[in-house]
Structure formats: C-alpha cells, structure tokens
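Inspection log for the structure reproduced underneath, given as structure tokens.
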Amino acid sequence: MNPLRSFVESQVDALFSPTSDDAPFDITQGADNGLYGPGSVAWAVHGDFATMMIGGIAALLLQMLHPHAMAGVWDHSNFRADMLGRLRRTARFVGGTTYAPSEQAEAMIARVRRIHAAVGGTLADGTPYRADDPATLAWVHVAGEWSFLAAYKRYADPTIPRYREDAFFAETARLAAKLGSAPVPTTRAAAEAYLTAMRPQLRADDRTRAVMGALRSAAPAGSASAPVQALLMAAAIDLLPPWAAAMHGARPGTLSRSLTRASAGTLAAAIRAGLAPRVARRNAALAVRAARLRG
336 MNPLRSFVES QVDALFSPTS DDAPFDITQG ADNGLYGPGS VAWAVHGDFA TMMIGGIAAL
396 LLQMLHPHAM AGVWDHSNFR ADMLGRLRRT ARFVGGTTYA PSEQAEAMIA RVRRIHAAVG
456 GTLADGTPYR ADDPATLAWV HVAGEWSFLA AYKRYADPTI PRYREDAFFA ETARLAAKLG
516 SAPVPTTRAA AEAYLTAMRP QLRADDRTRA VMGALRSAAP AGSASAPVQA LLMAAAIDLL
576 PPWAAAMHGA RPGTLSRSLT RASAGTLAAA IRAGLAPRVA RRNAALAVRA ARLRG
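All the letters of the sequence shown, read from the start, carry residue numbers 336 to 630 under our numbering.
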C-alpha cells in the first residue's frame, strides 16, 4: 500500500473507530436517508475529510473563546490529556448525524443531550453556566459549521455558489434545533453577522492558551504525524476570522499565510487522493441504501 494512503487511513481509523463508549451507527441500514439525504450540501461538506480536519481544529479554537463553552470543556472533560479523543468523538458525532439513518442519528443526539444536561458550574466571576443553555449551544453550532464550510470553500470547492452556502446553514440548523439550541442563522451572511455580534462576549485567557497548547502537542514531537499536525494547525489558525486569530495571539503575515495555504492545499489534495477508495466505498453504500429505500 502507498505509504501516504496507509498513514491517512490509520488517522481516519483512529478518529472513526468506535469504542465501548460510543453510540453505534450503520450507514447501510435504516428506514430513511438520514437528517440531510443525497444531494445535500451537508453530505458534501462533512464528507470531505481533509477539510473537516482543518475546519475541526478551527472550530474548536473559535468555540473555546466563549467563556461558557470553555468552562464546560475545562471543568468536565480530560481534553488536555486526550485532545485526539475529543476530536475523535466530535468526528464520529458529525459523521453519524450526517450519514446515519434518522433513528440512529436521533439516538446519538439524545445521548449528547443527556450528557449536556449533567454539565454545569460557575465561572470565576460567579456567573453560572450550563452546557444545555440554548444560547451557548447556538455559539458552538455556528462556530463549528462556519469553520467546516470555510475550510471546504478554501481547500475543496472555492467556487461553491452562495445559494449552496446558504443551504448548508439552513440544513445544519435542523441539527442545532434537535440539540436544543436557540434559533441559529440559516444563511452565510447571517452566520457571519452572528459571529461578529458575539465578539463582546468572547474572551482569551489562560484556558484558551491551554487549548492552543493541547492542540499543538496532540501529535508527539518527532512522530511521523507531527509535521502534518503542525500544518493542519497553521491552516486552522489562518482560517479563523482575523479578530479571532488575534485573540489567540496569532497574527501571521501575508507571506506566512500564502505558504500555509499552498502547503495545506497540497496536503488536502494528497489526503483526498489517499482516501479516494474509502470514500468510494462509503458513497457506494449510501447509494445502495438510497436505491433500496426508493424500492
């Protein structure tokens, strides 16, 4: 097997292989095509693993600028010791709720809602927080989906038309509602206006710096994956709105951004090529399911 393909597939297996704590899903089964279905923009965006890796890191960096979201992760998870585990759980949730039949997706959503219901506490200033707060859930959702789409547009489909971008936010708003989120934007313009409006509520502090450090060290120094992780991290920081990158202390210059984008584009293309056989099998399984449901 090609070394690059072997490396990429090992990383995919590490992210998507289920553990005993995971809710199972099977894209070949079920009575329907899931929450979005064939032809949806969500299937296209969430299905491009290369850009989801970049977008996933950017999403976490953006989400953690919200003090309530940051507190929930800081106080109730072991992300600092297991950053890859957190990314793996997120990847499986996105994959399952995107492609699994509705019954299985709903079970995954219900499980997350139960977890959120048990998470709460108090910020340093005495402000209470809860993980199931609709406004906090809205921030986490919009920051995540905006990052996924931004990565897809930059490294997979730069010419994606605006109506498809708007459709993506409208489609994924269904998931936000099922998770108990406050109403979320359903167009790209509204999503970007929402991110800007949220700026006064965001904070960068020792905790956000710890998140940055945990992400930078997710791949052991000297390992084969360390250079890849470093490039994905640089691409994710470059993807952030400039004000969010500045909050994280990152202000890359024009030349640095150009080099990052060129290198990340090459890496994304290589990852996509390495995963082509696996993606083809997934798409074939989804096509067989769709054909069966059509009768």
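We put the beta carbon where it would ideally sit given N, CA and C, even for glycine.
- The closest CA to that of I389, considering only D541, I572, R446, V519, is found on I572.
- With contacts defined by Cβ atoms closer than 8 Å, F483 and A394 form a contacting pair.
- In this structure, DSSP gives P469 a helical state, which the three-state scheme calls helix.
- By the criterion of a C-beta distance shorter than 8 Å, E441 is surrounded in its chain by K513, once the five residues flanking it on both sides are discounted.
- Straight-line spacing of the CA atoms in V623 and R616 works out to 11 Å.
- Beyond the five residues adjoining it in sequence on each side, R465 comes within less than 6 Å, by CB distance, of G455 in the same chain, given in chain order.
- The Cβ-Cβ distance between R523 and E500 falls below 8 Å.
- Under the 10 Å beta carbon count, A579 is surrounded by 16 or more other beta carbons and is classified as buried.
- Within the DSSP bridge table, the entry for P535 names no partner.
- In the DSSP assignment, the residues bridged to Y464 are G456.
- For A604, the enclosing alpha helix (DSSP H) begins and ends at 589-629.
- Linking L550 to G630 through their CA atoms gives a straight-line distance of about 46 Å.
- DSSP places P496 outside both helix and strand once states are collapsed to three, so it counts as coil.
- Just so you know, the alpha carbons of N413 and L397 end up roughly 19 Å apart.
- Per the Cβ contact rule, the segment 358-377 is in contact with the segment 421-437 (3 or more Cβ pairs under 8 Å).
- Under the DSSP assignment, D573 falls in the alpha helix (DSSP H) whose first and last residues are 561-574.
- In the structure shown, F384 falls within a helical segment according to DSSP collapsed to helix, strand and coil.
- In the DSSP annotation of this structure, the continuous segment of the alpha helix (DSSP H) that includes G548 starts and ends at 541-551.
- Counting only the Cα atoms, G461 lies some 43 Å from A379.
- Comparing C-alpha distances from T543 to each of D468, A406, H381 shows the shortest one belongs to A406.
- Contact check for V376 and A502: beta-carbon distance about 5 Å, within the 8 Å limit, so the pair qualifies.
- In this chain, the alpha helix (DSSP H) harbouring A580 covers 577-582.
- Closest in alpha carbon position to V475, among D383, H401, L621, is H401.
- For I392, same chain residues with a beta-carbon under 7 Å away, outside a window of 5 residues either side, are L550, L567, M568, A571 in chain order.
- As the crow flies, the alpha-carbon of A585 is around 31 Å from that of P518.
- Scanning its chain for C-beta atoms nearer than 7 Å, with the 5 sequence neighbours on each side dropped, one finds around S598 the residues L566, in chain order.
- Annotation for Y371: A377, W378, T433, E506 place their beta carbon closer than 7 Å to its own, counting only its chain and skipping 5 residues before and after.
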